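In what follows, a single structure is set out as structure tokens and then discussed.
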Amino acid sequence: MPAVVSRLLPLVVLLPLAGSALAQTLTKLPMPQSFRANELRVQWETDANPVGTVNALDLGLSSPAERSVLAQQTIALAADRFVHRAVATGLAPETSYVYRVRSGATSSATYPVRTAPLADSSFRMAWIADNQNQAGTSFLSVLEQIVPFAPDVIGHADDTVQNGPVLSEWQTQYFDPLASASALGQRTPVLVARGNHDGGSPPALAYHWLPENGHWYAETIGRVRFVFMESNVVLPAQDEYLRAELASPAAQNAEFLVVVSHHPPYTNLWDQPGWDGEPYVRDVWVPIFEEFGVDLVISGHAHCYQRGARNGVTYTVVGGAGGALDTVFIPPGWSFIEVARPVHHFAIMDVSPGRLVWNAYDLSGSSIDSFELARSAQIPVFPTGSEAF
Numbered sequence: 075m076p077a078v079v080s081r082l083l084p085l086v087v088l089l090p091l092a093g094s095a096l097a098q099t100l101t102k103l104p105m106p107q108s109f110r111a112n113e114l115r116v117q118w119e120t121d122a123n124p125v126g127t128v129n130a131l132d133l134g135l136s137s138p139a140e141r142s143v144l145a146q147q148t149i150a151l152a153a154d155r156f157v158h159r160a161v162a163t164g165l166a167p168e169t170s171y172v173y174r175v176r177s178g179a180t181s182s183a184t185y186p187v188r189t190a191p192l193a194d195s196s197f198r199m200a201w202i203a204d205n206q207n208q209a210g211t212s213f214l215s216v217l218e219q220i221v222p223f224a225p226d227v228i229g230h231a232d233d234t235v236q237n238g239p240v241l242s243e244w245q246t247q248y249f250d251p252l253a254s255a256s257a258l259g260q261r262t263p264v265l266v267a268r269g270n271h272d273g274g275s276p277p278a279l280a281y282h283w284l285p286e287n288g289h290w291y292a293e294t295i296g297r298v299r300f301v302f303m304e305s306n307v308v309l310p311a312q313d314e315y316l317r318a319e320l321a322s323p324a325a326q327n328a329e330f331l332v333v334v335s336h337h338p339p340y341t342n343l344w345d346q347p348g349w350d351g352e353p354y355v356r357d358v359w360v361p362i363f364e365e366f367g368v369d370l371v372i373s374g375h376a377h378c379y380q381r382g383a384r385n386g387v388t389y390t391v392v393g394g395a396g397g398a399l400d401t402v403f404i405p406p407g408w409s410f411i412e413v414a415r416p417v418h419h420f421a422i423m424d425v426s427p428g429r430l431v432w433n434a435y436d437l438s439g440s441s442i443d444s445f446e447l448a449r450s451a452q453i454p455v456f457p458t459g460s461e462a463f
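In this text, residue positions in the sequence shown follow the working numbering: the first is 75, and each later residue adds one.
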């Protein structure tokens with residue numbers, strides 16, 4: 075788990091579009107890549123892309139045959155890996171649609187998907203991080219626990235694979251589990267903050283289709299403004315973006331401000347003595363969080379669950395989606411961290427007008443932590459059994 079690096083890698087190399095004349099096979103099922111009120115981004119992959127192939131997204135209210143959108147981009151990752159991207163605009167907010175994708179004569183199954191809510195509506199978001207090599211437990215076992223909660227969207231603080239450049243790991247460690255868990259990945263958008271294991275590799279840049287510059291971005295969902303940062307890189311441009319975004323009307327008019335950063339500024343648990351959080355995030359970003367009234371910071375990287383509050387900001391670590399657990403206490407420890415549990419887990423965040431409710435669960439379904447945030451005050455509610463490691 076290396077520290078941050080100081081540069082951005084270039085976007086994936088776009089190879090010439092080619093492929094076998096044989097029938098195409100879907101090598102990655104379609105996945106929604108956005109959760110917006112009026113737009114749907116969908117991405118899928120095939121093993122070939124013969125010249126003249128039509129790649130399209132079909133969708134509608136009752137049938138996918140109602141409307142078709144041609145893919146706007148195809149990325150050739152390898153001779154047998156072609157990633158297709160399509161965007162449907164002009165959709166209605168908080169509305170259920172059905173969709174499928176087509177590449178030549180090959181079509182996917184039809185899946186339901188729902189657009190993001192209006193500002194006055196509630197929504198549910200699941201949070202995970204660090205499934206990667208699944209050395210601790212299978213990612214599928216975590217996803218199967220999430221399915222009954224029926225989240226509207228999933229937030230992932232990254233490290234979706236162990237080795238970002240290795241194409242096969244993306245299949246077995248990320249896409250296959252999301253498809254196997256009742257097609258959760260086909261029905262539910264996944265929003266990602268880039269992490270160190272995925273890095274800036276060509277597969278990471280292709281498979282995680284992020285808006286804006288493809289590295290850091292912001293989204294409003296309901297009453298929450300989310301800012302997804304890339305803590306792998308140390309760049310003044312990103313620091314300036316964070317400050318400008320948190321000062322923006324979209325952020326200041328939101329009921330809650332949430333920042334997602336793969337590397338946490340603070341941790342009391344790690345895999346060996348010495349590292350107690352990312353110094354750059356702690357020294358540079360935390361003062362900005364405090365200045366602009368960030369309510370919640372969600373991170374991964376440490377393979378455990380943690381939560382604490384400092385100077386008005388609540389910090390959580392949700393790095394328990396499959397990687398080997400971090401169990402070593404780092405003395406003297408951050409005293410404000412109230413809960414530190416080396417267990418595999420996930421979190422469910424329910425947002426309604428004036429209220430953000432957070433519940434974290436281990437894989438037995440038992441609650442390991444819960445708290446609430448209100449519009450202008452933080453109201454922690456600690457369940458029986460919450461404990462520091």
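Glycine included, C-beta positions come from ideal geometry on N, C-alpha and C.
Computed from a predicted structure; not experimentally measured.
**Message:** Quick check on this structure: which residue in Ser305, Pro406 and His375 has the alpha carbon closest to the alpha carbon of Trp359?
**Reply:** When only C-alpha atoms are compared, the closest one is Ser305.
**Asked** Can you check whether the CB of Phe420 is closer than 8 Å to the CB of Gln219?
**Response** Yes, the Cβ-Cβ distance between Gln219 and Phe420 is below 8 Å.
**Asked** Apart from the five residues just before and just after Val187, which ones in its own chain have a Cβ nearer than 7 Å to its Cβ?
**Response** Pro106, Leu114, Tyr171, Tyr173 and Arg261
**Asked** Taking the alpha carbon of Arg356 as the point to measure from, which residue in Asn385, Asp345 and Ala209 has its own alpha carbon closest?
**Response** Asn385
**Message:** Can you look up Gly259 in the DSSP assignment and give me helix, strand or coil?
**Reply:** helix
**Request:** Just grab the DSSP bridge partners of Ala224 for me.
**Result:** None, per the DSSP bridge assignment.
**Asked** Of all the alpha helix (DSSP H) runs that stay within the bounds of the segment 358-435, which reach a length of 4 or more residues?
**Response** Within the segment 358-435, the complete alpha helix (DSSP H) runs of at least 4 residues are 360-365.
**Message:** On the DSSP bridge list, what partners appear for Leu265?
**Reply:** Gly229
**Asked** Assuming Leu151 contacts Val157 under a Cβ cut-off of 8 Å, what Cβ separation, rounded to an integer in Å, is found between them?
**Response** 6 Å
**Item:** Proximal residues to Asn237 (C-beta, below 8 Å), its chain only, five neighbours per side dropped
**Value:** Glu243 and His271
**Asked** Using CA coordinates, which residue listed in Leu343, Thr390 and Phe109 is at the minimum distance from Val161?
**Response** When each option's Cα is compared against that of Val161, the closest is Phe109.
**Prompt:** In three-state terms, what does DSSP make of Val301?
**Reply:** strand
**Request:** Output the distance between the C-alpha atoms of Phe410 and Gly382, rounded to the nearest integer angstrom.
**Result:** Spanning the two alpha carbons is a distance of roughly 6 Å.
**Request:** Name the two residues that bound the continuous beta strand (DSSP E) containing Tyr171.
**Result:** Ser170 to Ser177
**Message:** What residue range does the alpha helix (DSSP H) around Asp250 cover?
**Reply:** Asp250 to Ser254
**Asked** Do you know how far the Cα of Asn205 is from the Cα of Ser335?
**Response** 16 Å
**Request:** Return helix, strand or coil for Asp313, following the three-state DSSP convention.
**Result:** Here Asp313 sits in helix by DSSP.
**Request:** Look up Ala95 in the DSSP assignment and say whether it is helix, strand or coil.
**Result:** Residue confidence for Ala95 is low, a pLDDT of 47 falling below 50, so the modelled location carries little weight; the figure read from the coordinates is stated next. Reduced to three states, the DSSP call for Ala95 is coil.
**Message:** Taking DSSP's pairing of strands, which residues face Trp118 in a bridge?
**Reply:** His158
**Rounded Cβ spacing between Gly374 and Val391 (contact assumed at less than 8 Å)** = The pair is a contact, with the Cβ atoms about 7 Å apart (cut-off 8 Å).
**Pro276, DSSP secondary structure in three states** = Helix.
**Message:** Excluding the 5 residues flanking Asp424 on each side, which residues of the same chain have their C-beta closer than 6 Å to its C-beta?
**Reply:** Arg198 and Val431
**Message:** Any contact between the segment 342-349 and the segment 299-314? By contact I mean 3 or more CB pairs, one from each, below 8 Å.
**Reply:** no
**Prompt:** Do the segment 274-294 and the segment 201-217 meet, that is, are 3 or more Cβ pairs less than 8 Å apart?
**Reply:** no
**Item:** Cross-strand partners of Ile442 (DSSP beta bridge)
**Value:** Note: Ile442 sits in no beta bridge, so no partner.
**Message:** Mapping the DSSP letters down to three states, classify Leu165 as helix, strand or coil.
**Reply:** coil
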